[in-house]
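Some notes on the structure that comes next.
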Amino acid sequence: MAILIDRSTRVLVQGITGREGQARTRLMLDYGTRVVGGVTPGKAGQAVLGVPVFDSAAEAMSRLKSDPSVGGIDASVLFVPAGAVKDAALDAIGAGVPLVVLVADRVPVWDAMAIASAARARGARFVGPNTLGIASPGKAVIGMIGGRAESAREWFKPPRPTGVGVISRSGGMSSSTAYYLGQAGVRISSIVHVGGDAVLGLRVPEVALMFEEDAETDAIAVFGEIGGSQEEDLAELMRAGRVRKPVVAYVGGKAAKAGTRFSHAGAIIEGTRGTHAGKVAALREAGAVVVESFGELPEAVVGVLRGRGSRSLMTEAERKAVWTTGITRIEPNKVAVRGRDIAELMGRTSFGAAVYLILTGRMPDERVGRLMDAILVSSIDHGATPPSCLAARTVASTGASLSASVAAGISSINRHHGGAIEDCARFLGGLIATARSSGRTRDEVAAAEVGRIKATGERISGFGHRIHTKDPRTGRLFELAAEAGLDEARGEHIAAARAVERAFAAIGRPLPINVDGAIGAILADLGVEPRVFNGVFMIARVPGLVAHVVEEQTRERPMRRIDPVNHAYDGPM
Ligand SMILES: CC(C)(COP(=O)(O)OP(=O)(O)OC[C@H]1O[C@@H](n2cnc3c(N)ncnc32)[C@H](O)[C@@H]1OP(=O)(O)O)[C@@H](O)C(=O)NCCC(=O)NCCS
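Using our numbering, the letters of the sequence shown map in sequence onto residues 352 to 924.
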C-alpha cells in the first residue's frame, strides 16, 4: 500500500497557476498522480492542464466532494511563497484536507506553529515546511521529488512486492538516497522528505511508525542530520519495540561545530543536544545499523535485506537490465502481457479487451471488452476516400510491398485524420473542468462555448459529419457504453457531449456527435490516456488498409490515377 500517498490519492495543488505550481503539476500528472483540482485566489474558472482551478481550498473541497467522479480531496501540496503558506495551509486544513505538504522554504516559525496547532485541532497531518515532498514509486509523487516523471520512474524502483522506506531530513539527499539504493538493487516503498526547518509536521519517528505498519515496507533507510531530536526519538521507538523493522541510517554533519547552522534551519547543535555522536550512539544502542559515510549506506541496506531473505532486492537480471518494460514478460515457455498469461487470455478474452489491457495495464470486465470491440469495429474502414486509404492505395499502385503501402496509410493518420477523437475528448475535458471550477452546470458552459464558437467561426472536433446527419455508429456505441455502466449519469465526458448537442440544438443548428467524438468521449470515460487515442484508431484501421492494398494490387492496373488530377500550374512561366 506504501505510506501517505498512492495511486488513488486525490491531490489538490495550491498555487497551481504560479511558476512552480504549473511546472510541478505537469510532472505529477505525468507520473500518474491523481491531481483533481488547484487553487489560486481570484483565478477560479481557469483550468491548468485540464485541472480545474478554484478560489480557495474550501471551495475546491465542497465542489469536488459533490462531484461523483471525484468525491473529495485526500492531500494538498502548496506551491505558494513562504509569506502565503500560513493562509493557504489553514484554508486546506479548515476545509478538511487530511494531509498537507508545504514545499516553500523560509516559512516563518510562528506560521509553522500556527499550522501545527490548526492541524492538531482538526486531526490533519502535514509534511514540511521546506520539503521536497513524498513519493510512492510506481504510484504517485507529491511535490518535487525525482524531478521529471521519466527520471523519477527510472531512479526509484517500485516495490515488488516489498521495498525499503526512505526517510530523509535533506531534500536533495532524499532523491539521492533512493537513487543509490535503486542502483544497488533495492526497491523503494515510499520516500518522505520531512523538511529542513526547525518546526515540522511529520518528523522522522512518526514516518518510521507509518513504515512499521506498512505491509509493503520491510526495512527503513534514514538520512539523518545533526540538530533536534528526531533520530534520538526514533531510537527511543526502536528501544520500546514500536519500530521493529530494521533501520539503516546515515547521520550528516559530523564535522559541524556547535552553534553553527549546517545547511538547514533545523540542523544546528545547541549545547549538547543534537550532536552527531549522540545520534549515532542512540541509534546504534537501539539496534540500527549506522554507517560512517553516505557511500556505505546502499551496501549496508543490501546486507540487511540479504540477511533477511527480503524480496525488496531486485534479481540480478532486473539489475542488469539496460532498460525496462512494463508491458510483456518473456520467460522460457511463458509469455505474460501486463502480468497476464497470454495462453490464459487466448480464447477467453476478446481482442478489444486485450487492446484495453495492453494500453492501460488494467483487465476490463466483459462489458467494457465488448465496448472496446465495438469501437474497433466502428473504425475498421470508412470507405475509399479518407486520406489513409488514398495514401495506402496510391503507394500500393506503384508496386510497393504490403507493409510499405499499409505504413503509408498509417502515416497519414494524424491530427486532421483520426485526431478528432483526442481533440474532442480534450475539449470535453476542458468543459468539465470549467464547469467544476466555475460552479456552472455543464449545459451552461456548453451553451457559452457553442456561442463563442459560433461567433468566432471555430469548429468543434467530433461533432457533425459531411455525409451523415445521424451517424449510424454513435447510437450503437452509446448503447453499448450504457451497458458497460457509462451513461450520462456515470460517464462525465458522455454527459458533456450530450450537453454540447443540446446547446447546438438550442441555437437551431443541430450538430450531433459523430463517431470520432463518441469514441473520444467513451475512451476518456473508460480512463484511457488521450495520447493513445490516435493509436486506437490506427489499431482499428489496419485491417481495412490491408484489404484496400490487396484489392488495389490484385484488381487494378499499376500506377492508377487514384486522387483527382484536376490541377493547374500557377508558378513562374
Ligand atoms: C513555493 C515556491 C516554489 C513558489 O515559487 P513560484 O512558483 O516561483 O511562485 P509564483 O509567485 O510563481 O506562484 C505562486 C502562486 O501562488 C499563488 N498564491 C498565493 N497565495 C495563495 C493561496 N493562499 N492559495 C493558493 N495560491 C496562492 C499566487 O497567486 C501565485 O500564483 P499566480 O502566479 O498565478 O498569481 C517558492 O516560493 C519556494 O519556496 N521555493 C523554494 C522551494 C524549496 O526549495 N523547498 C525545499 C525543498 S528541499
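Backbone N, C-alpha and C define an ideal beta-carbon position, used for all residues, glycine too. None of the values given here were measured: they were computed from a predicted structure.
Own chain residues within Cβ distance below 6 Å of residue i, not counting five before or after
i    : result
R744 : H899, E903 and I913
Y707 : P715 and M723
R635 : V641
A535 : P649 and V653
R590 : A637
V631 : V602 and V641
Ligand 1 heavy atom lying under 7 Å from the CB of residue i
i    : result
E576 : no
P488 : no
V866 : no
P392 : yes
F477 : no
P432 : yes
D456 : yes
R554 : no
R370 : yes
P760 : The question names Pro, but residue 760 in the sequence shown is Gly. No - ligand 1 has no heavy atom lying nearer than 7 Å to the Cβ of G760.
D462 : no
D548 : no
A435 : yes
G808 : no
T482 : yes
G625 : no
A411 : no
Q365 : yes
A529 : no
A439 : yes
G522 : yes
D425 : no
D732 : no
D418 : no
Cβ-based neighbour list, residue i, same chain, cut-off 8 Å, excluding 5 preceding and 5 following
i    : result
P449 : D425, A426, G474, A475 and R476
A797 : L782, A847, A850, V851, R853 and A854
I858 : V801, G802 and K805
A742 : A759, G760, S762 and S763
D774 : R766, S812, G813 and G871
V404 : I367, T368, G388, G389, V390, T391, K394, A395, G396, Q397, A398 and S788
Cutoff 7 Å; reference residue i; Cβ partners in own chain excluding five residues on either side
i    : result
A705 : L696
P432 : A455
V436 : L429, L453, A455, V458, D462 and P480
V421 : R361, V387 and L415
P737 : H768
L400 : T376, R377 and L380
Bridge-paired residues (DSSP) for residue i
i    : result
H768 : N765
T679 : V688
P403 : A398
A491 : S487
Distance CB(residue i)-CB(residue j) smaller than 8 Å
i    : j    : result
A570 : V655 : yes
G603 : E576 : yes
F829 : I845 : yes
G388 : A411 : yes
M561 : I811 : no
A784 : F884 : no
R358 : G393 : no
G494 : G484 : yes
V866 : S739 : no
G813 : G871 : yes
R511 : V555 : no
M352 : V492 : no
A440 : I466 : yes
T679 : V688 : yes
M910 : S756 : no
N- and C-terminal bounds of the alpha helix (DSSP H) containing residue i
i    : result
D442 : A433 to G445
R744 : P738 to A747
H844 : E843 to A857
H627 : H627 to E636
I466 : V460 to R473
R803 : R793 to T807
I870 : V866 to D876
G372 : R370 to Y382
Boundaries of the beta strand (DSSP E) in which residue i is found, first to last residue
i    : result
R908 : Counting along the chain, R908 falls outside any beta strand (DSSP E), and DSSP gives it neither H nor E.
A572 : T568 to E576
Y920 : Note, Y920: premise wrong, no beta strand (DSSP E); not H, not E.
I693 : Per DSSP, I693 belongs to no beta strand (DSSP E); it is in the alpha helix (DSSP H), I693 to L696.
G533 : Unbroken run through G533 is the alpha helix (DSSP H), G522 to Q534; no beta strand (DSSP E).
F477 : R476 to V478
L453 : L450 to L453
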